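From first to last, the protein sequence lines are chains U and P.
Heads up, the first sequence is in numbering that gives the first Met the number 0, so the first residue is 0 and it goes up one at a time.
Heads up, the second sequence is in numbering that gives the first Met the number 0, so the first residue is 0 and it goes up one at a time.
Protein chains: 2
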Amino acid sequence: MTRRTVFFVSDQTGVTAETLGHSLLTQFDGYEFDLVTLPFLDTLDKIQGAVEQIEQRAEEQGVAPIIFSTLVQDELRQAFHPQQGRLIDFFDSYLPVLERELHAKSSHKAGQAHGLVDASRYDQRMDATNYALNNDDGARTNDYARADIILTGVSRSGKTPTCLYLALSYGVFAANYPLSEDELESGQLPLILQEYKDKLYGLTIAANRLQQIRRERRATGSYATMPQISFEIRAAEAMFRRYKIPYVDATRSSIEELASTILVNTGIERRVRP
Amino acid sequence: MTRRTVFFVSDQTGVTAETLGHSLLTQFDGYEFDLVTLPFLDTLDKIQGAVEQIEQRAEEQGVAPIIFSTLVQDELRQAFHPQQGRLIDFFDSYLPVLERELHAKSSHKAGQAHGLVDASRYDQRMDATNYALNNDDGARTNDYARADIILTGVSRSGKTPTCLYLALSYGVFAANYPLSEDELESGQLPLILQEYKDKLYGLTIAANRLQQIRRERRATGSYATMPQISFEIRAAEAMFRRYKIPYVDATRSSIEELASTILVNTGIERRVRP
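Right under this line is the structure:
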């Protein structure tokens with residue numbers, strides 16, 4: 000396995016540089032990357048410190064690091080010149096193209112992407128996060144009128160993290176309701192869910208993956224046994240089909256994929272953007 | 000205000016295309032962008048549908064849309080050729096550079112960046128999210144030994160969404176403890192927090208911003224009055240200084256910025272990456 004150090008350099012959070020770099024690096028199999036994020040390089044002193052750190056690493060390893068930069072302020076950009084390293088400068092690549100296309104100069108101001116651009120975006124995310132917390136795990140069912148979506152499925156199928164991700168990333172109001180053993184045995188969709196049937200979305204998951212997740216949570220009782228898990232999953236999927244509830248298999252999906260899939264399939268509008 | 004339609008095109012979630020495009024677009028003041036995400040374009044039929052949608056929009060508006068693409072599979076990339084639109088293709092720009100630098104061919108496989116690359120990444124995020132939920136808002140204080148960090152501050156200063164973001168994005172175990180009125184009046188750090196002083200990080204916030212947030216939550220009583228809010232903030236900051244607890248001002252920061260600031264200032268390792 001070949002090793003290579005990768006720096007993410009930013010005068011802000013570094014989230015954009017990390018996202019860009021990560022997407023590209025995952026295209027290279029057989030490499031192991033040591034990832035170092037250097038965010039908030041917002042003074043010339045900090046830029047100088049970063050340059051020294053990068054050059055020192057290059058000397059130690061005898062190979063030039065790869066550097067993904069989203070430095071945007073001109074003074075900082077001009078000062079950032081490591082002698083060693085392959086620099087991939089995100090704004091340098093694309094801002095000129097967009098300036099020509101939009102017939103406009105870019106502002107080269109920091110803090111636009113993941114800063115608090117306006118309080119309303121923060122408030123939307125806060126409200127949606129509070130909604131997800133208050134309506135998690137069936138804790139409360141009298142506020143579904145405000146839900147954009149209500150996720151349902153068996154325990155540990157991924158409902159909670161998906162709801163929180165929808166709230167934090169998109170400002171979407173997402174509740175979740177776990178199907179109880181009684182409900183699964185009866186095969187009847189709970190009345191409260193029938194009332195909001197158009198907002199329902201099911202999650203399902205492969206039995207062996209669910210067993211792995213449940214074992215880590217609670218190894219005792221029937222909760223993590225294969226007969227119990229198989230019954231729950233079959234009953235939940237049968238219920239989704241009987242009531243024509245759309246559903247998605249969470250087994251091989253990340254939280255990001257589940258959230259995107261649900262937004263695409265339902266047409267729910269994002270209130271904020273990443 | 001000039002309007003322009005922007006498409007984010009991907010054979011996966013579109014999260015990377017959105018993040019990168021958003022960073023670039025925020026550099027242009029005075030423009031209003033209509034944002035359309037077209038994720039999961041993973042068949043030639045879907046690619047064709049996307050091309051038609053883009054061309055139709057161009058005709059309606061009489062101006063070419065901007066298109067950010069993270070299509071990675073070769074067959075799909077070759078089929079994606081809208082007649083109208085300024086295409087910014089992230090993989091096209093950088094994969095050749097990295098291939099030369101790494102002396103390796105890229106895989107051009109989809110689903111690497113935000114897919115479930117391995118179950119352990121999912122488990123880390125799940126575990127951290129459950130930890131944040133169980134240790135939110137001082138609900139539980141007997142599991143702080145497992146915390147990477149414990150956020151503290153007055154009610155509504157942004158502790159909960161920051162903890163959840165740290166968990167979902169970085170797999171970091173983050174608890175939070177709201178300082179009560181009694182604790183603020185006494186000026187004594189609660190004993191349970193004294194025990195884990197090295198894990199503490201404070202959040203503070205400007206009084207007028209906090210008032211705005213609290214009014215939306217509960218307008219009655221003294222909770223959202225300026226004397227109460229000013230007292231709480233002053234007492235909390237005094238406590239942070241007295242006990243030498245590092246703290247950050249959440250007033251002008253997004254959740255991403257707060258999370259990054261805390262990771263940088265504490266040196267806490269990310270268990271997973273965005």
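Here a beta-carbon is modelled for each residue, glycine too, at the ideal position from N, C-alpha and C.
Bear in mind that the values here come from a model prediction, so they are computed numbers and not experimental data.
**Start-to-end residues for the alpha helix (DSSP H) that takes in Ile53/U** = Locating residue 53/U in the first sequence gives position 54, counting from the first residue. Per DSSP, Ile53/U belongs to the alpha helix (DSSP H) from Leu43 to Gln60.
**Prompt:** Given that Tyr164/U touches chain P, what residues does it touch there, using C-beta distances under 7 angstroms?
**Reply:** In the first sequence, counting from the first residue as 1, residue 164/U sits at position 165. Counting only Cβ-Cβ distances below 7 angstroms, Tyr164/U has contacts in chain P at Leu167, in chain order.
**Message:** Using C-beta distances below 7 angstroms, list every residue in its chain close to Leu115/P, excluding the 5 sequence neighbours before and after it, in chain order.
**Reply:** Along the second sequence, one-based indexing puts residue 115/P at 116. For Leu115/P, the pLDDT reaches just 48, beneath the cut-off of 50, and the residue's location in the model is therefore unreliable, although a value from the coordinates is still provided. If we look at Leu115/P and ignore the five residues flanking it on each side, its Cβ neighbours are Tyr121.
**Request:** Starting from Ile204/P, trace the beta strand (DSSP E) both ways and give me its first and last residue.
**Result:** Translated into positions along the second sequence, residue 204/P becomes position 205. Per DSSP, Ile204/P belongs to no beta strand (DSSP E) and is neither H nor E.
**Request:** Could you check if Arg124/P is buried or exposed, using at least 16 other CB atoms within 10 Å of its CB as the buried criterion?
**Result:** Working through the second sequence from its first residue, we reach residue 124/P at position 125. Arg124/P should be labelled buried.
**Asked** If you draw a straight line from the alpha carbon of Ser253/U to that of Ala127/P, how long is it in whole angstroms?
**Response** Here the question's residue 253/U lines up with position 254 in the first sequence. Here the question's residue 127/P lines up with position 128 in the second sequence. Whole-angstrom Cα-Cα distance: 15 angstroms.
**Prompt:** First and last residue of the beta strand (DSSP E) that includes Arg85/P?
**Reply:** Translated into the one-based positions of the second sequence, residue 85/P becomes position 86. For Arg85/P, the enclosing beta strand (DSSP E) has its first and last residue at Arg85 to Asp88.
**Message:** Within 8 angstroms of any Cβ in chain C, is that where the Cβ of Gln82/U sits?
**Reply:** You won't find chain C in this structure, because its protein chains are U and P.
**Item:** C-beta neighbour in chain P for Ser253/U, strict 8 angstroms
**Value:** The count along the first sequence starts at 1 and reaches residue 253/U at position 254. By this cut-off, Ser253/U is an interface position.
**Asked** If you drop the 5 nearest sequence neighbours on each side, which residues of the same chain put their C-beta closer than 8 angstroms to that of Phe89/P?
**Response** In the second sequence, the residue the question calls residue 89/P occupies position 90. Contacts found: Thr15, Ala16, Leu19, Phe67, Ser68 and Thr69.
**Message:** What residue range does the beta strand (DSSP E) around Gly152/U cover?
**Reply:** Numbered from 1 along the first sequence, position 153 holds the residue referred to as residue 152/U. First-last of the beta strand (DSSP E) with Gly152/U: Ile148 to Gly152.
**Message:** Looking only at its chain, what residues have a beta carbon closer than 6 angstroms to the beta carbon of Leu34/U, apart from the 5 residues adjacent to it on each side?
**Reply:** Mapped onto the first sequence, residue 34/U falls at position 35. Cβ neighbours of Leu34/U beyond the five flanking positions: Val5.
**Item:** Any 3 or more C-beta pairs closer than 8 angstroms across the segment 137-156 of chain P and the segment 169-188 of chain P
**Value:** With the cut-off at 8 angstroms, the segment 137-156 of chain P and the segment 169-188 of chain P touch.
**Message:** So if DSSP puts Ala174/U in a beta bridge, which residue, or which two residues, is it bridged to?
**Reply:** Taking the first residue of the first sequence as position 1, residue 174/U is located at position 175. Ile149/U.
**Asked** Which value, in whole angstroms, describes the spacing of the CA atoms of Ala237/U and Arg272/U?
**Response** Indexing the first sequence from 1 puts residue 237/U at position 238. Indexing the first sequence from 1 puts residue 272/U at position 273. In a straight line, the C-alpha of Ala237/U is about 35 angstroms away from that of Arg272/U.
**Asked** Is there at least one Cβ from chain P nearer than 8 angstroms to Glu58/U's Cβ?
**Response** To locate residue 58/U, count along the first sequence from 1; it is residue 59. With 8 angstroms as the cut-off, Glu58/U does not count as an interface residue toward chain P.
**Asked** Per DSSP, what kind of secondary structure is Ser253/U in: helix, strand or coil?
**Response** The sequence position of residue 253/U within the first sequence is 254, counting from 1. Correct three-state label for Ser253/U: coil.
**Request:** Examine chain U for any beta-carbon lying closer than 8 angstroms to the beta-carbon of Tyr222/P, and answer yes or no.
**Result:** As a working mapping, residue 222/P is identified with position 223 in the second sequence. Chain U contact via Cβ: absent.
**Request:** Report the residue from Thr260/U, Asp10/U, Arg99/U and Pro226/U whose alpha carbon sits nearest the alpha carbon of Arg76/U.
**Result:** Start at 1 with the first residue of the first sequence, and residue 76/U comes out as number 77. Answer by Cα proximity: Asp10/U.
**Request:** Thinking Ala103/P and Phe27/U are a contact (beta carbons under 8 angstroms), I'd like their distance in whole angstroms, please.
**Result:** Residue mapping note: residue 103/P aligns to position 104 of the second sequence, counting from 1. Residue mapping note: residue 27/U aligns to position 28 of the first sequence, counting from 1. Between Ala103/P and Phe27/U, the beta carbon gap of about 6 angstroms places them in contact (Cβ cut-off 8 angstroms).
**Request:** Check whether the Cβ of Glu268/U lies closer than 8 angstroms to any Cβ atom in chain P.
**Result:** Within the first sequence, the letter at position 269 stands for residue 268/U. With 8 angstroms as the cut-off, Glu268/U does not count as an interface residue toward chain P.
**Request:** Run down chain P in chain order and give the residues with a C-beta less than 7 angstroms from the C-beta of Ile87/U.
**Result:** As a first step, residue 87/U must be located in the first sequence, where it is residue number 88. Those are Tyr93 and Val96, listed as they occur along chain P.
**Prompt:** For Gly220/U, which residues of its own chain have a beta-carbon under 8 angstroms away from its beta-carbon, when the five flanking residues on both sides are left out?
**Reply:** Counted from its first residue, the first sequence places residue 220/U at position 221. Nothing meets the Cβ criterion.
**Request:** Express the C-alpha separation of Asp135/P and Ala234/P in angstroms, rounding to a whole number.
**Result:** For the purposes of this step, residue 234/P is identified with residue 235 of the second sequence, where counting begins at 1. For the purposes of this step, residue 135/P is identified with residue 136 of the second sequence, where counting begins at 1. Between the alpha carbons of Ala234/P and Asp135/P lies a distance of about 22 angstroms.
**Asked** What is the rounded straight-line gap between the Cα of Ser259/P and the Cα of Ser185/U?
**Response** By 1-based counting over the second sequence, the position of residue 259/P is 260. By 1-based counting over the first sequence, the position of residue 185/U is 186. Taking the Cα positions, Ser259/P is about 48 angstroms away from Ser185/U.
**Item:** Residues that Arg124/P contacts on chain U, provided the C-beta gap is smaller than 8 angstroms
**Value:** Residue mapping note: residue 124/P aligns to position 125 of the second sequence, counting from 1. Residues of chain U passing the Cβ test: Pro160 and Ile254.
**Request:** Note down the Cα distance separating Glu58/U from Gln47/U, rounded to an integer number of angstroms.
**Result:** Counting from 1 along the first sequence, the entry for residue 58/U is found at position 59. Counting from 1 along the first sequence, the entry for residue 47/U is found at position 48. In a straight line, the C-alpha of Glu58/U is about 17 angstroms away from that of Gln47/U.
**Asked** For the candidate residues Cys162/P, Ser105/P, Glu54/P and Val247/P, whose alpha-carbon lies nearest to that of Leu23/U?
**Response** Taking the first residue of the first sequence as position 1, residue 23/U is located at position 24. Residue Ser105/P is the option with its Cα nearest to Leu23/U.
**Item:** is_contact[Phe39/U, chain P] using C-beta, thresh 8 angstroms
**Value:** The residue given as residue 39/U occupies position 40 in the first sequence. At a cut-off of 8 angstroms between C-beta atoms, Phe39/U counts as an interface residue with respect to chain P.
**Prompt:** Relative to chain U, which residues along the segment 6-28 of chain P have a C-beta separation below 7 angstroms, given in chain order?
**Reply:** Of all residues in the segment 6-28 of chain P, Thr12, Gly13, Val14, Thr15, Glu17, Thr18, Leu19, His21, Ser22, Leu23, Thr25, Gln26, Phe27 and Asp28 have a Cβ within less than 7 angstroms of some Cβ in chain U.
**Message:** Within the continuous alpha helix (DSSP H) that includes Glu74/U, where are the two ends?
**Reply:** As a first step, residue 74/U is located in the first sequence; it is residue number 75 there, counting from the start. Membership of Glu74/U in the alpha helix (DSSP H) is indicated by the continuous run Asp73 to Ala78.
**Request:** Output yes or no for whether 8 angstroms exceeds the beta carbon distance between Phe239/U and Gly201/U.
**Result:** Within the first sequence, residue 239/U is the residue found at index 240, counting from 1. Within the first sequence, residue 201/U is the residue found at index 202, counting from 1. Yes, Cβ-Cβ distance for Phe239/U and Gly201/U is below 8 angstroms.
**Message:** Which residues does DSSP list as the beta-bridge partners of Ile65/U?
**Reply:** As a position in the first sequence, residue 65/U is number 66, starting the count at 1. For Ile65/U, DSSP records a beta bridge to Val5/U and Arg85/U.
**Item:** Amino acids of chain U, ordered along the chain, whose beta-carbon sits closer than 7 angstroms to that of Arg272/P
**Value:** The residue you call residue 272/P lines up with position 273 of the second sequence. Glu17, His21 and Leu34, listed in chain order.
**Asked** To the nearest angstrom, how far is it from the Cα of Arg99/P to the Cα of Ile65/U?
**Response** The sequence position of residue 99/P within the second sequence is 100, counting from 1. The sequence position of residue 65/U within the first sequence is 66, counting from 1. Distance between the alpha carbons of Arg99/P and Ile65/U: 12 angstroms.
**Item:** Closer than 7 angstroms at the beta carbon, the chain U residues around Thr69/P
**Value:** Stepping through the second sequence from its first residue, residue 69/P is reached at position 70. Under the 7 angstroms cutoff, chain U gives Ser22.
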